[in-house]
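Contents: one structure, followed by commentary.
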């Protein structure tokens, strides 16, 4: 385990503030009690200025000593192996946490991100709405029966799933009380409040620096 | 490590044959030399008949002794920890394999699956086409420079990425010679041919059983 550096953009417009995915990595480090530094790359030219480190031109990416990783989901699983607070060490708890982490990425976010993309492009009702609604309904049935997704306690799977579900447009799509309570439970954790505030402050400071 | 059972449907229509994701798990077991059994649940009533084991009503899921996991990506990462053939054991190789496994799920498939869904729904040109095309182009640039995604050798990341890329509609979207050569390289492996044939045979046998 080396020195952890979380890389993000040096500035973003208003809309994505509080949602840029470096937040996931900061949050995981705070929950785990891992020291980390946040460093930035320029927003201008972001499509091509860091392809050697993130071939899709996105953030975040993580340095862990000599290791470099991109994909927030991969970074989270990497960090989770460094702290039992993020992922239990018993095989059943670990398998359940892994399963729900991937479910957040590939069953929920795979529907919610493209749906959101169509929605903000002006197609409020689109062909992905039914698909996303079905997935969110299935997840609601799970969350109606328990407070945390895996192992009966907070894990990195909750961190990620709550981050996927807290998107305002997703939250507004239908009435899902257990999911809403879950989002409030997970994002009510001090570590989330701290890193959310930190991201907002960083981009506000970047506004000031831009004049 | 317990007895491995891969669960899939007992029958599917023509179209998804050769693409049902139990193939990913069979393939991983074959590459790793792990013994496994394939068992089935009924196609009829699949939306609700196994929600206790797969809350989104999908296949595959995996039994590993007493453990149960769903999400093909999670099952693959779980199996990869049982075999160095699927994932190198050195920290850099492991991080790189993890990163590209998640990239297949959350950067490529997150665009390709919803795009495919819109495409087969009759929207051949849709608002996701540009997004998917950009991602596939970025991946093409990576694959133009190397034969395997991670660690200079075949890993579970290639198994998954090739399975995502080999979808005919995705393959037909634009000219990407390095990606096409990659798909042919990875799916040319004997383990893929074996499990692909096995899946086709299983569903053909189910046709016969249905009369």
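Chains as they are written, first to last, in the working numbering: chain A, 1 to 211; chain B, 212 to 422. We put the CB at the ideal spot given by N, CA and C, even for glycine.
Worksheet item: Closest by CA to residue 72/A, which one among 83/A, 125/A and 104/A?
Response: For the purposes of this step, residue 72/A is taken as the residue at position 72 of the first chain. Closest option to residue 72/A, Cα to Cα, is 104/A.
Discussion item. For a cutoff of 9 Å on Cβ pairs, would you count residue 294/B as touching chain A?
Written reply: Position 83 of the second chain, counted from the start, is the residue given in the question as residue 294/B. Taking Cβ atoms only, chain A never reaches closer than 9 Å to residue 294/B, which makes this a no.
Worksheet entry | Span separating the alpha-carbon of residue 44/A from that of residue 352/B | As a first step, residue 44/A must be located in the first chain, where it is residue number 44. As a first step, residue 352/B must be located in the second chain, where it is residue number 141. Using only the alpha carbons, I get a separation of about 21 Å.
Practice prompt. Please confirm if residue 474/B has its CB atom under 9 Å from at least one CB of chain A.
Written response: The requested residue 474/B is not part of the displayed model; chain B covers only 212 to 422.
Fill in: Contact residues within the segment 82-107 of chain A, judged by C-beta distance below 7 Å to chain B
91, 92, 95, 98, 99, 102, 103, 105, 106 and 107
Discussion item. Whether or not the segment 305-315 of chain B and the segment 236-256 of chain B are in contact is what I'm after, with contact meaning three or more pairs of Cβ atoms, one per stretch, closer than 8 Å; do they touch?
Written reply: no
Worksheet item: Using DSSP with H/G/I as helix, E/B as strand and the rest coil, what is residue 235/B?
Response: Within the second chain, numbered from 1, the residue matching residue 235/B stands at position 24. Helix.
Item to complete: Kindly indicate which three-state DSSP category residue 216/B falls into: helix, strand or coil?
Response: On the second chain, residue 216/B is found 5 positions in, with the first residue counted as 1. Residue state, collapsed to three classes: strand.
Worksheet entry | Buried or exposed by the 16-neighbour rule on C-beta atoms within 10 Å, applied to residue 336/B | Sequence index remark: in the second chain, residue 336/B carries index 125 (1-based). When all chains shown are included, residue 336/B counts as exposed.
Practice prompt. Please classify residue 307/B: does DSSP put it in a helix, a strand, or coil?
Written response: As a first step, residue 307/B must be located in the second chain, where it is residue number 96. Look at residue 307/B here: in three-state DSSP terms it is helix.
Worksheet item: Can the beta-carbon of residue 28/A be found closer than 9 Å to that of residue 79/A?
Response: For the purposes of this step, residue 28/A is taken as residue 28 along the first chain, with counting starting at 1. For the purposes of this step, residue 79/A is taken as residue 79 along the first chain, with counting starting at 1. Yes, they are a contact pair.
Practice prompt. Kindly indicate if chain B contains any beta-carbon less than 9 Å away from that of residue 138/A.
Written response: Looking up residue 138/A in the first chain gives position 138. Yes, because at least one Cβ of chain B sits closer than 9 Å to the Cβ of residue 138/A.
Discussion item. So that I know if they touch, is there some Cβ in chain A lying closer than 9 Å to that of residue 261/B?
Written reply: Taking the second chain and counting its residues from 1, one reaches residue 261/B at position 50. With 9 Å as the cut-off, residue 261/B does not count as an interface residue toward chain A.
Practice prompt. Could you confirm whether any beta carbon from chain B is found closer than 9 Å to the beta carbon of residue 131/A?
Written response: Mapped onto the first chain, residue 131/A falls at position 131. Yes, its Cβ sits closer than 9 Å to a Cβ of chain B.
Practice prompt. Could you tell me the boundaries of the beta strand (DSSP E) in which residue 68/A lies?
Written response: For the purposes of this step, residue 68/A is taken as the residue at position 68 of the first chain. Per DSSP, residue 68/A belongs to the beta strand (DSSP E) from 67-70.
Discussion item. Taking 8 Å as the limit between beta carbons, can you name the residues of its chain near residue 320/B, skipping five residues before and five after?
Written reply: Taking the second chain and counting its residues from 1, one reaches residue 320/B at position 109. The answer, listed in chain order, is 375.
Practice prompt. Taking residue 168/A as the reference, give the member of 9/A, 10/A and 15/A with the closest Cα.
Written response: Counted from its first residue, the first chain places residue 168/A at position 168. Nearest option by C-alpha distance: 15/A.
Worksheet item: Can you name, in chain order, every residue of its own chain whose Cβ lies under 8 Å from the Cβ of residue 259/B, other than the five neighbours on each side?
Response: The count along the second chain starts at 1 and reaches residue 259/B at position 48. 268.
Item to complete: Go ahead and pull the three-state DSSP assignment for residue 216/A.
Response: Coverage of chain A is limited to positions 1 through 211, which leaves residue 216/A absent and any answer about it impossible.
Discussion item. Which same chain residues end up closer than 6 Å to residue 85/A when comparing Cβ atoms and leaving out the 5 residues on each side of it in sequence?
Written reply: For this step, residue 85/A is matched to residue 85 along the first chain. The answer, listed in chain order, is 31 and 32.
Worksheet item: Would DSSP call residue 425/B helix, strand or coil?
Response: Residue 425/B falls outside the range modelled here, since chain B spans only 212 to 422, and no answer is possible.
Discussion item. Quick check: what's the CA-CA separation for residue 396/B versus residue 356/B?
Written reply: If you number the second chain from 1, residue 396/B lands on position 185. If you number the second chain from 1, residue 356/B lands on position 145. Using only the alpha carbons, I get a separation of about 14 Å.
Worksheet item: Listing by chain order, which chain A residues have their CB less than 9 Å from the CB of residue 282/B?
Response: To locate residue 282/B, count along the second chain from 1; it is residue 71. Near residue 282/B (Cβ distances below 9 Å), the residues of chain A are 98, 99, 100, 101, 102, 103, 105, 106 and 107.
Worksheet item: Over what stretch of residues does the alpha helix (DSSP H) that includes residue 163/A continue unbroken?
Response: Start at 1 with the first residue of the first chain, and residue 163/A comes out as number 163. Element bounds for residue 163/A: 156-165.
Item to complete: Give a yes or no on contact between the segment 127-135 of chain A and the segment 319-333 of chain B, applying the rule of three or more CB pairs nearer than 8 Å.
Response: yes
Worksheet item: At which residues does the beta strand (DSSP E) containing residue 390/B begin and terminate?
Response: The residue labelled residue 390/B in the question sits at position 179 within the second chain. Counting along the chain, residue 390/B falls outside any beta strand (DSSP E), though it belongs to the alpha helix (DSSP H) covering 388-398.
Practice prompt. Could you say which of 422/B, 414/B and 292/B lies nearest to residue 220/B if we only look at CA atoms?
Written response: Position 9 of the second chain, counting from 1, holds the residue named residue 220/B. That would be 414/B, whose Cα lies nearest to the Cα of residue 220/B.
Worksheet item: Using a Cβ cut-off of 7 Å, which residues of the segment 384-418 of chain B contact any Cβ in chain A, in chain order?
Response: none
Worksheet item: Thinking just about the alpha-carbon of each residue, which of 410/B, 418/B and 416/B is nearest to the one in residue 234/B?
Response: Mapped onto the second chain, residue 234/B falls at position 23. With distances taken between CA atoms, residue 234/B lies nearest to 410/B out of 410/B, 418/B and 416/B.
Discussion item. Could you pull the DSSP bridge partners for residue 63/A from this structure?
Written reply: Along the first chain, read from residue 1 onward, the residue named residue 63/A stands at position 63. According to DSSP, residue 63/A bridges with 5/A and 68/A.
Item to complete: List the residues of chain B whose Cβ lies closer than 8 Å to the Cβ of residue 128/A, in chain order.
Response: Position 128 of the first chain, counted from the start, is the residue given in the question as residue 128/A. Result: 325, 328 and 329.
Fill in: C-beta neighbour in chain A for residue 253/B, strict 9 Å
As a first step, residue 253/B is located in the second chain; it is residue number 42 there, counting from the start. Not closer than 9 Å to any Cβ of chain A, the Cβ of residue 253/B fails to qualify, so no.
Practice prompt. Could you say which of 216/B, 272/B and 359/B lies nearest to residue 245/B if we only look at CA atoms?
Written response: For the purposes of this step, residue 245/B is taken as residue 34 along the second chain, with counting starting at 1. 216/B is the residue among 216/B, 272/B and 359/B whose C-alpha sits nearest the C-alpha of residue 245/B.
Worksheet item: For a contact meaning CB atoms closer than 7 Å, what does residue 56/A contact in chain B?
Response: The residue given as residue 56/A occupies position 56 in the first chain. Neighbours of residue 56/A on chain B, chain order: 318, 346 and 349.
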